[in-house]
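If you read the sequence shown in my numbering, its first letter stands for residue 190, the second for the next number, and so on.
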Amino acid sequence: MKRRDFVQLAGLGLGGLALPFPMMGNPVSIEALLEMPLTVVQKKQLADVALNTAKSAG
190 MKRRDFVQLA GLGLGGLALP FPMMGNPVSI EALLEMPLTV VQKKQLADVA
240 LNTAKSAG
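Take a look at the structure:
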């Protein structure tokens, strides 16, 4: 096995281990999210946060 293949497989394995476990927050059902829809102001704030995060990430 070449070093490059090993690094790829190890990365996939570690990534797979992290998937089933939520890292932050608690799981929320879709029904709970639909009970109280977001206001226009909240949507704009979320859009601004997403845009700033994307810009800072490059």
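Note that CB positions come from ideal geometry on N, CA and C, so glycine has one too.
Along the chain, where does the alpha helix (DSSP H) containing residue i start, and where does it finish?
| i | result |
| --- | --- |
| SER245 | 229-246 |
| LEU208 | Element bounds for LEU208: n/a, residue is neither H nor E. |
Does the distance from the C-beta atom of residue i to that of residue j stay below 9 angstroms?
| i | j | result |
| --- | --- | --- |
| LEU240 | LEU227 | no |
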